[in-house]
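Protein chains: 2
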Amino acid sequence: MNDFLTVIKERRSANKFLPNIEISAEELDDIFSLVKFAPSAFNLQHAHYITVTDKALMDQIYEAANKQYKVKTASAVIIVLGDTEAHLNAGELNEGLLHLGVMSKQEYDMTVEGTIQFYEERGDTFKREDAIRNASLSAMQFMLVAKAKGWDTCPMIGFDPDQVQSILNIPDKYIPAMLIAIGKEDTSSQRPRGYRKPVREFVTHQSF
Amino acid sequence: MNDFLTVIKERRSANKFLPNIEISAEELDDIFSLVKFAPSAFNLQHAHYITVTDKALMDQIYEAANKQYKVKTASAVIIVLGDTEAHLNAGELNEGLLHLGVMSKQEYDMTVEGTIQFYEERGDTFKREDAIRNASLSAMQFMLVAKAKGWDTCPMIGFDPDQVQSILNIPDKYIPAMLIAIGKEDTSSQRPRGYRKPVREFVTHQSF
């Protein structure tokens, strides 16, 4: 599926997946090779992904996700993490531009220092929220790219983050921003698409 | 631009816009008519947008956004809000499915009650973070649709949220999740695309 409007219109959250459909690490990586182009604040690339296809692990995630049936039949469960300390990578991430000569050493130093200061000034709540924000931008790109590659997805927020963190040995600096179940939708009992508010109800011109 | 992969690859954050390019309310609404298909938790559609094209208002936003030059030359500044009380709309948003007979009255009551309880149990931090999360999913869809329609964008987090809230009379229950400058990019002094981590650095298979 390569028509942009078709992807936007056909992507919808899958409620139920066809069982026993496998997705390979190569197919997942192929999706991620396009997900990486999503934007992030200061280009810090806060999003980190864990892809789970192992059945025993998926069963544990199923338990941590209020036993939502779609986890059982999905081809994979994707854990979308946000890095609350992504700003500390500013130096490493800007090295390329410095070495290419696109940035002078002075610009590089200012960028790195400015980025770190931006986060440190705003504190822990901001760091956490910004990790979620940037992980979510990336997650939307993931769901659209997946659809273009023939896969259906469903973002999920009903899970115990501490349990997920512990099952998958996720370091504390990462926050699970959401789970995404991915597979081929079982459309046999599909409901009509969820109601959407008309534009006039969620867009205001000039002021609230 | 209607090729999905082209949109994904060509969308990049614009650093500088061509001045004096107008975007009409119709063009903006045309984008939003596709943004609305983005997913949201429980289909609560937490995202609300304010589009600012009025020059006097844009000048005020420019001041609130650390005088970032791109705000000056953008065709519009879009404020992406997240509704921290979106769960209270569960009844209204599910009425359509009830009236269509897709949901029984019992299912409807369970859905509405369950949704409200889900948020109330988790409390204020969760409500705030979920508003940001869902607004961000929507914002990514906005930037891609805008690109497909020939517009360049740049998401921005460097602004004073209280000031923005006050300039635009935004009710307290909404959180500014980000600003998006939109216009036609001035590519005369464009830098190479920002470095992206290779897939192996941000994706882990099975466990961390």
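Protein chains in written order, with the working numbering: chain P, 1 to 208; chain B, 1001 to 1208.
Glycine residues also receive a C-beta, built at the ideal position from the N, C-alpha and C atoms.
Where DSSP assigns a beta bridge to residue i, which residues make up the other side?
i: F1219 of chain B; result: The question about residue 1219 of chain B has no answer, for chain B in this structure spans 1001 to 1208.
i: H46 of chain P; result: According to DSSP, H46 of chain P bridges with nothing at all.
i: H205 of chain P; result: B:T1051
i: A1076 of chain B; result: B:I1182
i: G82 of chain P; result: P:A47, P:I175
i: M1140 of chain B; result: M1140 of chain B is not bridged to any residue.
i: M1156 of chain B; result: B:L1179
i: D1003 of chain B; result: P:D3
Please compile the residues from chain P whose C-beta is within a distance smaller than 9 Å of the C-beta of residue i.
i: L1137 of chain B; result: S136, L137, A139, M140, M143, P155, M178
i: N1043 of chain B; result: S13, G194, Y195, R196
Please report the distance separating the alpha-carbon of residue i from that of residue j.
i: Q1206 of chain B; j: I78 of chain P; result: 9 Å
i: E1185 of chain B; j: V102 of chain P; result: 19 Å
i: P171 of chain P; j: S1075 of chain B; result: 42 Å
i: R196 of chain P; j: F1042 of chain B; result: 12 Å
i: A1065 of chain B; j: S24 of chain P; result: 44 Å
i: M58 of chain P; j: I157 of chain P; result: 16 Å
i: A1148 of chain B; j: S138 of chain P; result: 18 Å
i: E1010 of chain B; j: F4 of chain P; result: 13 Å
i: F1159 of chain B; j: Q1165 of chain B; result: 11 Å
i: G114 of chain P; j: E22 of chain P; result: 45 Å
i: T204 of chain P; j: P198 of chain P; result: 12 Å
Please name the residue, chosen from the options, that lies closest to residue i on a Cα-to-Cα basis.
i: M143 of chain P; options: P:P19, P:F32, P:E22, P:L44; result: P:F32
i: S189 of chain P; options: P:D3, P:F17, P:D162, P:K9; result: P:F17
i: H99 of chain P; options: B:A1135, B:N1043, B:P1192; result: B:P1192
i: S1040 of chain B; options: P:R12, P:W151, P:T53; result: P:R12
i: R200 of chain P; options: B:H1048, B:K1009, B:M1156; result: B:H1048
i: D124 of chain P; options: P:K173, P:T204, P:D3, P:Q45; result: P:K173
i: F118 of chain P; options: P:L44, P:N169, P:V35; result: P:L44
i: P247 of chain P; options: P:F208, P:T204, P:T187, P:K127; result: Residue 247 of chain P is absent from the model: chain P starts at 1 and stops at 208.
i: M140 of chain P; options: B:E1092, B:V1203, B:P1198, B:F1037; result: B:F1037
i: A1202 of chain B; options: P:A135, P:A56, P:V203; result: Residue identity check: residue 1202 of chain B is Phe in the sequence provided, not Ala. That would be P:A135, whose Cα lies nearest to the Cα of F1202 of chain B.
Closer than 8 Å by beta-carbon distance: list the chain B residues that pair up with residue i, in chain order.
i: P161 of chain P; result: Neighbours of P161 of chain P on chain B: none; closest Cβ ~10 Å, over 8 Å.
i: I48 of chain P; result: Before going further, note that residue 48 of chain P is His rather than Ile in the sequence given. Within 8 Å Cβ-Cβ: F1202, V1203, T1204.
Beta-carbon within less than 8 Å of residue i's beta-carbon, same chain only, minus the 5 sequence neighbours each way: which residues are those?
i: Y62 of chain P; result: Q68, V71, K72
i: I116 of chain P; result: H87, L88, A90
i: K105 of chain P; result: L98
i: E1085 of chain B; result: K1127, K1173
i: I1050 of chain B; result: I1078, I1079, L1081, L1168, I1170
Can you list, in chain order, the residues of its chain whose CB lies under 6 Å from that of residue i, leaving out five sequence neighbours each side?
i: I167 of chain P; result: Q60
i: T1153 of chain B; result: M1143, A1146, I1180, I1182
i: T1053 of chain B; result: A1076
i: M1 of chain P; result: V7, A148
i: E92 of chain P; result: none
i: A14 of chain P; result: D152, C154, E185
So, for residue i: in the same chain, excluding its five sequence neighbours on each side, which residues have a beta-carbon less than 7 Å away from its beta-carbon?
i: I1132 of chain B; result: G1082, I1175, A1177
i: N1216 of chain B; result: The question about residue 1216 of chain B has no answer, for chain B in this structure spans 1001 to 1208.
i: D1030 of chain B; result: K1149
Residue i touches chain B at which residues, Cβ-Cβ below 7 Å?
i: G96 of chain P; result: Y1195
i: A64 of chain P; result: Those do not exist, as A64 of chain P stays about 14 Å from chain B at its closest Cβ, beyond 7 Å.
Counting contacts by CB-CB distance shorter than 9 Å, is residue i in contact with chain C?
i: T53 of chain P; result: Checking the listed chains, one finds no chain C in this structure; the protein chains it contains are P and B.
So which residues of chain P does residue i contact, with C-beta pairs closer than 7 Å?
i: S1033 of chain B; result: V199
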